[in-house]
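Undergrad: Handing you a structure now.
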Ligand SMILES: [Zn+2]
């Protein structure tokens, strides 16, 4: 038996030193509906076993239900009001320009893995898309056997930047395409190999939602993807890891009966109401790879740039069909635990079957190529699974029984809540 090392406190939460490897997996776009379908089908036997022998629940993800805010919540163990990453983009009011929020300097507080690494643990962070890598790897010293890379740039990893090199040979897979399920499978395959060869203490493995944007739970491509994921979750567990599965957000179909996206073009509506450019709509789902969703999501922010006041803008938006909520800055920050300095003047959340865009002319929907639009961002996509392949100890079973978990508690539950 190894000597127990002291616990590590990160952003006010104290985490027990892992007595065996702990692998937290973020299934990007892993809506609970996929698991319901595939558990019923028998397509995910390892996940079924985890649920039977361990712990499972449906938790509240971080709002807005986008990738960056939720990955940062999971890796820091805090809500967005603490870590500051409330979207992929926000508007810099000093310059009037949208700013991408993926830089580590914008992330407030520490990551759980960097603090464990400082305390002497061996840690691994692997993400599908490179946009998450630098924030997840904030202050992580990769010179001491720690690893941080993305499968997007697996072919160009260096020891100096990523703590690992020759990754394609190591993993035994070719460089995956950006729009492929292999981009996610590569993350898990690399995690399995590292667990076999280096036995790190903590792993964070973050996938991409390309498949879920494209395929509904009843489609065979989605089933095949989950079966492939499930096989690798089984291998992580077989190697002795505590495996904790969660998601950054869910996914909903937002097309009409004819297959056309149900879009509220909010910039066009506000331009017509108040004059062009008076209010600025920012779609915080936007990133460099939007072919599968056209930068359309269930949550946008509006900044007042001219004469229209937040109250006037809210009055226009609340009359639109398809809106679930339209809130001023103070209310959305209070209700959804968001950082006020990065919030717009008005936040707009759409209904489950509707999405919101800026100006129709600025969104390229050609990448949908005949597929129905499936996307996320709203409250209706903020429910996510938490599944751990170990039963909870008494204290955490009680905790889980009295309140709906937050997905940012997944490291807490995996490290402190399992019977080790
Ligand atoms: Zn995502």
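In the numbering used here, the protein residues as written are 145 to 564.
Each residue gets a CB set at the ideal place from its N, CA and C atoms; glycine is no exception.
Can you look up residue 212 in the DSSP assignment and give me helix, strand or coil?
TA: Translated into the one-based positions of the chain shown, residue 212 becomes position 68. Three-state result, residue 212: helix.
Undergrad: Measuring alpha carbon to alpha carbon, tell me which of 555, 537 and 527 ends up nearest residue 204.
TA: Translated into positions along the chain shown, residue 204 becomes position 60. Comparing Cα positions, the closest option is 527.
Undergrad: My output table needs one value for residue 491: the three-state DSSP class, helix, strand or coil.
TA: Position 347 of the chain shown, counting from 1, holds the residue named residue 491. Residue 491: strand per DSSP, three-state reduction.
Undergrad: Please go through the same chain and pick out, in chain order, the residues whose beta-carbon is closer than 7 Å to the beta-carbon of residue 145, but skip the five residues on each side of it.
TA: What you label residue 145 is simply residue 1 of the chain shown in a count that begins at 1. Only weak support exists for where residue 145 lies, its pLDDT of 46 falling under 50; the coordinates are left without a value.
Undergrad: Is residue 527 helix, strand or coil by DSSP?
TA: Here residue 527 corresponds to residue number 383 of the chain shown, with the count starting at 1. In the structure shown, residue 527 sits in a strand (DSSP, three-state: E or B).
Undergrad: Using DSSP with H/G/I as helix, E/B as strand and the rest coil, what is residue 499?
TA: Along the chain shown, read from residue 1 onward, the residue named residue 499 stands at position 355. Three-state result, residue 499: strand.
Undergrad: Going by CA-CA distance only, name the one from 356, 255 and 302 that's closest to residue 172.
TA: By one-based count along the chain shown, residue 172 stands at place 28. Nearest of 356, 255 and 302 to residue 172, Cα basis: 356.
Undergrad: Do you know how far the Cα of residue 452 is from the Cα of residue 331?
TA: The residue given as residue 331 occupies position 187 in the chain shown. The residue given as residue 452 occupies position 308 in the chain shown. Approximately 47 Å, taken between the alpha carbons.
Undergrad: Between residue 188 and residue 261, what straight-line distance do the alpha-carbon atoms span, to the nearest angstrom?
TA: On the chain shown, residue 188 is found 44 positions in, with the first residue counted as 1. On the chain shown, residue 261 is found 117 positions in, with the first residue counted as 1. Cα to Cα, residue 188 sits roughly 33 Å from residue 261.
Undergrad: Pull up the distance between the alpha-carbon of residue 230 and that of residue 491, whole angstroms please.
TA: Mapped onto the chain shown, residue 230 falls at position 86. Mapped onto the chain shown, residue 491 falls at position 347. Looking at the two C-alpha atoms, the distance is approximately 12 Å.
Undergrad: Using alpha carbons as the reference points, say which of 208, 238 and 235 lies closest to residue 225.
TA: The sequence position of residue 225 within the chain shown is 81, counting from 1. Residue 225 has its Cα closest to that of 208, out of 208, 238 and 235.
Undergrad: Span of the beta strand (DSSP E) holding residue 372?
TA: Residue 372 sits at position 228 when you count from the first residue of the chain shown. No beta strand (DSSP E) contains residue 372, which is instead part of the alpha helix (DSSP H) from 364-382.
Undergrad: Is it right to say residue 299 is buried, meaning 16 or more other beta carbons lie within 10 angstroms of its own, or is it exposed?
TA: Taking the first residue of the chain shown as position 1, residue 299 is located at position 155. Burial call: exposed.
Undergrad: So if DSSP puts residue 168 in a beta bridge, which residue, or which two residues, is it bridged to?
TA: The residue labelled residue 168 in the question sits at position 24 within the chain shown. 348 and 388.
Undergrad: Give every residue of the same chain whose Cβ lies closer than 7 Å to the Cβ of residue 277, excluding the five residues on either side of it in the sequence, and list them in chain order.
TA: The residue labelled residue 277 in the question sits at position 133 within the chain shown. Closer than 7 Å at the Cβ level, and outside the excluded window around residue 277, lie 271, 292, 293 and 294.
Undergrad: Please state whether DSSP places residue 457 in a helix, a strand or coil.
TA: Here the question's residue 457 lines up with position 313 in the chain shown. Residue 457 falls in the helix class under three-state DSSP.
Undergrad: From residue 316 to residue 275, what distance separates their C-alpha atoms?
TA: In the chain shown, counting from the first residue as 1, residue 316 sits at position 172. In the chain shown, counting from the first residue as 1, residue 275 sits at position 131. One C-alpha to the other measures close to 24 Å.
Undergrad: Could you check whether residue 562 and residue 199 sit closer than 9 Å to each other, using their CB atoms as the reference points?
TA: Reading the chain shown from its first residue, position 55 is the one you call residue 199. Reading the chain shown from its first residue, position 418 is the one you call residue 562. Yes, the pair counts as a contact, with Cβ atoms nearer than the cut-off.
Undergrad: So, for residue 471: in the same chain, excluding its five sequence neighbours on each side, which residues have a beta-carbon less than 6 Å away from its beta-carbon?
TA: The count along the chain shown starts at 1 and reaches residue 471 at position 327. The residues are 491.
Undergrad: If you draw a straight line from the alpha carbon of residue 406 to that of residue 211, how long is it in whole angstroms?
TA: The residue labelled residue 406 in the question sits at position 262 within the chain shown. The residue labelled residue 211 in the question sits at position 67 within the chain shown. Computed Cα separation, rounded: 22 Å.
Undergrad: If we count the other Cβ atoms within 10 Å of its Cβ and call it buried at 16 or more, is residue 151 buried or exposed?
TA: For the purposes of this step, residue 151 is taken as residue 7 along the chain shown, with counting starting at 1. Answer is exposed; the Cβ neighbour count stays below 16.
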